Amino acid sequence: MKSFLLKYRYHLLLVTIGLLWITLFDFLSQMSIQGIVYPDSGSYVESAKNLYVFYRGHNFRPILMALINGIPYLFGGNDSTVLHFSFYVNLCCWLALLLLLFELLKSFVRARMAFLFTLLAMSIIGNTALIFHLLTENIYMLFILLGFYGIKRYLNEKNYRFLALALSVFVLSMLIKPGSKFLAILFILYFSKDVLKNIKSKYSLVLYAAVGMVLLQCAGLKYQFGSFTVSYIDSVTYYNYLGSKAECVKYGKEYSQMNNPRAEYLFSLDTEQQKSLAAEDLKQQLQYNKVNLVKAYFLDVIENTKTGNTCIEDCRNKAHSTYFSFWNKLFLTLSKWQNRCFTLLAVLLSLYFLKQYKREEWGFLIAVYVGYIIATSGISCGQGDRFHLVTFPFVILLLVKFLTKIKASRGA
């Protein structure tokens, strides 16, 4: 027992500190008693209910997210049960993310330093706040980190099973966040030679199963709504956010997410008509409003970089405590500056590691992921730090790799 505690002392400390931090954060922010259910959270509940109760798909939310969070329906749970259950799902994913991040950091620095950098990841306010809401971020980050863990093992050991598992996780990640589909395709193409060499390997069956699950999702939406696609969310997101903002820029109006006539019209149509309308709108904007579309895109990226966590901003003093206002403002300010600092680091470190392709292949691939997330964030806005915070733990990985590389070069 003593040897076990000694061996896993940092892991146990991380879990203990993590649980204490969540408890303290909840006490100060009153997050768990807010009773706020965001539209995105509501749609995730709806998709889970569709899967477990009505045995059908959802036009916006893919099957894996529904499969994970809808488990309470198997045991007679209701919508409220699913919302409460999502907290424990998010908490477990968040703790698992920290432990896996610690293991990866240990491969670059000593355990004590890895522990301190993991505490830095734990202190990211945005990720902490999202644990209390049925949203994808904490689940998605764990999936992506598992993928990079597998790739690292493959690059170091040249054991194909790690690559097969890693690529499977990246493929499945698009069933958590549909926007991840091009990232998954990109990584499969990157390792296509390795996959083709092992096409008959038993480990490839896991990858085939993951691809099969995605095809099942696409076929289900084709049967139910009309298009062979992972999700219709990309069309709606473009039309309601980037497309709408481009029109506002064109006419000198201020964009408002809440009062958006385009969104009202879009949602008056059926799913397939929404997709067609968004495609036609993008075509027209590229032909006749290209400059304003580009301006709107960069305005979105800037907004997604500088804003704080909306879950904290929306909190109210439900418990009528005297300390709430101070902590709410502090947490919101911290989330803003963490977003700005980590995003700036993300850009700088990604540019560095993209140039280090031949020397730092793993760092290069993480930089591709980080760059992909920030680049695609310009399609939407009005979500606070949600778009960029899924890169922050990976920025810490790149930062530690960069610092160790600098230290090694000075030592040489």
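Numbering (the working numbering), first residue to last: 74 to 485.
Note that beta-carbon positions come from the ideal geometry of N, C-alpha and C, so glycine has one too.
Keep in mind it's a predicted model, so treat the numbers as computed, not measured.
Asked	Found
With 16 other Cβ atoms within 10 Å as the buried cut-off, status of E327	exposed
Q360 versus K409, I224, K179, G316, residue with shortest Cα-Cα distance	G316
Cβ-based neighbour list, L256, same chain, cut-off 6 angstroms, excluding 5 preceding and 5 following	Y445
S102 - containing alpha helix (DSSP H), residue span	82-102
Chain-order list of residues whose beta-carbon lies under 6 angstroms from that of A187 (same chain, five-residue window excluded)	F175, L178, K179
Coarse secondary structure for E230, derived from DSSP in three states	helix
Extent of the continuous alpha helix (DSSP H) to which L207 belongs	Careful: L207 lies outside any alpha helix (DSSP H) and carries neither H nor E.
Proximity test, S253 beta-carbon vs the ligand NAP heavy atom, cut-off 8 angstroms	No copy of the ligand NAP appears in this structure; indeed no ligand is present at all.
Contiguous alpha helix (DSSP H) assignments of at least 4 residues, all confined to the stretch 134-180	136-142, 152-179
Cβ neighbour criterion (16 or more within 10 Å) applied to F399	exposed
CA nearest to the CA of V367, picked from K122, D267, K318	K318
Span separating the alpha-carbon of A409 from that of T449	For the record, residue 409 in the displayed sequence is Lys; it is not Ala. Approximately 20 angstroms, taken between the alpha carbons.
Straight-line gap, L421 to F415 (C-alpha atoms, nearest Å)	10 angstroms
Spatial neighbours of L124 in its chain, beta-carbon cut-off 6 angstroms, leaving aside the 5 residues before and after	A139, G143
Distance CB(H131)-CB(S114) smaller than 9 angstroms	no
Span of the alpha helix (DSSP H) around P334	334-339
Local conformation of Y390 per DSSP, three classes	Checking the sequence shown, residue 390 turns out to be Asn, not Tyr. Coil.
Supposed close pair F467, I439 - CB separation, criterion 8 angstroms	5 angstroms
Stretch pair the stretch 91-108 + the stretch 381-398: three plus CB contacts closer than 8 angstroms	yes
For V279 and V573, the rounded distance between their alpha carbons	It is not possible to answer for residue 573, since the shown part of the chain is limited to 74 through 485.
Cβ-Cβ separation, A283 to S241 (assumed contact under 8 angstroms), whole Å	4 angstroms
Beta-carbon proximity list for Q330, same chain, < 7 angstroms, skipping 5 on both sides	G455
Contacting residues, own chain, Cβ-Cβ under 7 angstroms from Y430 (five flanking each side not counted)	F437
Residues near T378 in its chain [Cβ-Cβ closer than 7 angstroms; skip 5 each side]	N412, R413, T416, H461
Nearest-angstrom Cα separation, counted from D152 out to K122	8 angstroms
Residue nearest to P251 in terms of C-alpha spacing, selected from L92, F426, T302	T302
Beta-carbon contacts of Q297 that lie in its chain and below 7 angstroms, excluding the five residues immediately before and after	R129, G130
Cutoff 9 angstroms: F460 Cβ touching any chain C Cβ	Structure shown: chain C not included; a single protein chain is present.
Helix, strand or coil at K431 [DSSP, three-state]	coil
Environment of G325 [buried if 16+ CB atoms lie within 10 Å]	exposed
Closest Cα partner of G223 within the set F264, N211, E386, Y312	F264
Whole-Å CB distance - S308 paired with K348, under 8 angstroms assumed	5 angstroms
Member of K266, N401, Y117 whose CA lies at the smallest distance from the CA of L156	Y117
Exposure of D387, with buried meaning 16 or more beta-carbon neighbours within 10 Å	exposed
C-beta atoms of N313 and N332 nearer than 9 angstroms	no
Span separating the alpha-carbon of L92 from that of Y311	38 angstroms
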